[in-house]
Amino acid sequence: MSSPVWAAADDDARYLLRIQAVVLTRRSRPVLSHLSAARIWGLPVLGRWPAEVHLMCGGDAHRHARNGVVWHYDRIDDDEVVEINGFLVTSRLRTMVDLARTERFAAAVVALDAGLRTPFVLPSGSREQDITHAEFQEAVTRLGAVRGCRGARLAAAFADGQSGSAGESVSRANIYLAGLPAPELQVAYLRPAGGEDKVDFRWHARHNVRRVTLLGEFDGKVKYTRDQYMAGRTIQEVVWDEKVREDRLRAPAGGPDRGMVRWLWDVAVSPVRLRAVLIGAGLRPER
């Protein structure tokens with residue numbers, strides 16, 4: 022690949038280029054798996070993409086790495102391999118099961134939440150068949166007593182397609198790891214003039230030392246940069262609209278006031294910092 026192409030590419034694009042380079046060097050078409058399959062499916066990663074490309078082979082369960090390629094030797098059925106944009110990859114369900122087994126809890130949750138989201142849309146824009154939570158848990162249960170099965174079962178039980186973004190997913194995972202009560206997700210409040218305001222997280226008053234409902238929001242950069250969120254507005258207009266929305270949520274007409282707490286990515290990825298922020302907002306820890 023040319024140096025200008027590589028230099029201009031972001032982390033997502035560079036990992037795809039790395040995948041393409043490895044695939045082109047194989048004598049036969051390889052099956053991408055794990056994080057490499059996740060990249061093709063559009064499942065997010067927590068942090069940066071790895072330096073290695075992951076490939077799946079049949080055989081006894083083990084793995085080895087060489088020359089920037091991680092080979093996973095494991096049983097794989099024909100219906101667990103599909104073709105996407107010219108790549109052979111493990112099916113979305115198999116990819117999610119593999120990630121649940123091999124990734125750390127928060128990283129697994131980020132990918133699994135996205136995989137369960139409905140409708141599920143590929144990076145190319147085409148819609149794929151949805152996977153239900155029950156179907157995913159059943160697939161994890163079928164693993165039996167294999168390496169990583171305990172972590173996979175925990176991540177599978179915790180995964181929730183309602184989570185709206187990677188930032189919300191890692192926040193949710195770290196809320197759990199921090200020993201804080203589980204919030205409700207994507208709660209909608211009707212506006213007096215019509216429409217609704219949806220919040221990322223809600224805790225009822227019984228979880229709050231101040232005895233008020235607490236609303237939580239992960240503030241990601243995309244809210245202030247991506248066209249789908251901007252909807253033709255300037256950054257100043259988006260910020261103002263967010264302030265009006267927050268005021269409306271904090272002090273609803275004819276109802277009791279609510280608490281509101283916001284955090285950014287650097288807090289979301291740290292159980293310790295997120296715990297401190299939420300306890301500071303009044304949330305009562307469970308452990």
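If you want the working numbering, it's the 1-based position in the sequence shown plus 21. Virtual Cβ for every residue (Gly too), placed ideally from N, Cα, C.
Member of the options whose CA lies at the smallest distance from the CA of residue i
| i | options | result |
| --- | --- | --- |
| valine 66 | Val43, Gln257, Ala127, Arg113 | Ala127 |
| valine 208 | Glu156, Ala297, Gln183, Val290 | Gln183 |
| valine 288 | Glu307, Glu263, Gly276, Phe239 | Phe239 |
| phenylalanine 222 | Pro140, Glu205, Leu175, Arg305 | Glu205 |
| alanine 163 | His85, Arg50, Arg115, Ala199 | The residue asked about is misnamed: residue 163 is arginine in this sequence, not alanine. Of the candidates His85, Arg50, Arg115, Ala199, the one whose C-alpha sits nearest the C-alpha of arginine 163 is Arg115. |
| alanine 160 | Ser147, Arg148, Ala176 | Ala176 |
| aspartate 99 | Ala86, Gly79, Leu45, Trp92 | Gly79 |
| arginine 60 | Thr123, Pro51, Val26, Pro144 | Pro144 |
| tryptophan 92 | Arg69, Ile105, Val44, Ser186 | Val44 |
| valine 117 | Asn106, Pro140, Leu198, Arg174 | Per the sequence shown, residue 117 should be read as methionine rather than valine. Nearest of Asn106, Pro140, Leu198, Arg174 to methionine 117, Cα basis: Arg174. |
Neighbour-count burial assignment, residue i, 16 or more Cβ in a 10 Å radius
| i | result |
| --- | --- |
| aspartate 119 | buried |
| asparagine 229 | buried |
| arginine 111 | It should be pointed out that residue 111 corresponds to threonine in this sequence rather than to arginine. With 16 or more Cβ atoms within 10 Å of its Cβ, threonine 111 is classed as buried. |
| glutamate 17 | Past the boundaries of the shown model lies residue 17; the chain is included only from 22 to 308, so the question cannot be answered. |
| arginine 193 | buried |
| asparagine 195 | buried |
| valine 153 | Position check: residue 153 holds threonine in this sequence, whereas valine was assumed. Classification for threonine 153: exposed. |
| glutamate 101 | buried |
| serine 57 | buried |
| glycine 29 | Note that residue 29 is alanine in the sequence shown here, rather than glycine. Exposed is the call here. |
| alanine 155 | exposed |
| isoleucine 256 | exposed |
| alanine 178 | exposed |
| aspartate 95 | buried |
| histidine 85 | exposed |
| proline 51 | buried |
| tryptophan 261 | exposed |
| arginine 232 | exposed |
Close-in-space but distant-in-sequence residues of the same chain around residue i (CB under 6 Å, 5 per side omitted)
| i | result |
| --- | --- |
| leucine 64 | Ala132, Ala135, Gly136 |
| valine 265 | none |
| alanine 187 | Pro65, Val131 |
| glycine 215 | none |
Same chain, Cβ closer than 7 Å to residue i, five either side skipped, listed in chain order
| i | result |
| --- | --- |
| glutamate 258 | none |
| alanine 72 | Gly89 |
| leucine 270 | Tyr210, Asp218, Val220, Leu236, Arg279, Met281 |
| histidine 225 | Thr234 |
| leucine 201 | Arg296, Leu299, Leu304, Pro306, Glu307 |
| arginine 294 | Val288 |
| arginine 113 | Trp62, Gly136, Glu149, Ile152 |
| glutamate 267 | Met281 |
Beta-bridge partners of residue i, as assigned by DSSP
| i | result |
| --- | --- |
| leucine 299 | Bridge partners of leucine 299: none, in fact. |
| asparagine 229 | Leu304 |
| methionine 281 | Leu236 |
| tryptophan 224 | Leu235 |
| isoleucine 105 | Phe108 |
| leucine 175 | According to DSSP, leucine 175 bridges with nothing at all. |
| alanine 209 | Lys219 |
| asparagine 141 | First, the amino acid is wrong: residue 141 is phenylalanine here, not asparagine. Answer is Glu149. |
| cysteine 78 | Tyr94 |
| leucine 53 | Leu76, Val110 |
| arginine 69 | Bridge partners of arginine 69: none, in fact. |
| alanine 86 | Val91 |
Whole-angstrom C-beta distance between residue j and residue i, which should lie under 8 Å
| i | j | result |
| --- | --- | --- |
| phenylalanine 157 | alanine 129 | Going by Cβ atoms, the distance from phenylalanine 157 to alanine 129 rounds to 12 Å, so no, they are not a contact pair. |
| valine 74 | isoleucine 40 | 5 Å |
Below-9 Å beta-carbon distance, residue i vs any chain D residue
| i | result |
| --- | --- |
| serine 112 | Structure shown: chain D not included; a single protein chain is present. |
Close-in-space but distant-in-sequence residues of the same chain around residue i (CB under 8 Å, 5 per side omitted)
| i | result |
| --- | --- |
| arginine 35 | Trp27, Trp70 |
| aspartate 33 | Arg60, Trp70 |
| alanine 199 | Pro292, Val293, Leu295, Arg296, Leu299, Pro306 |
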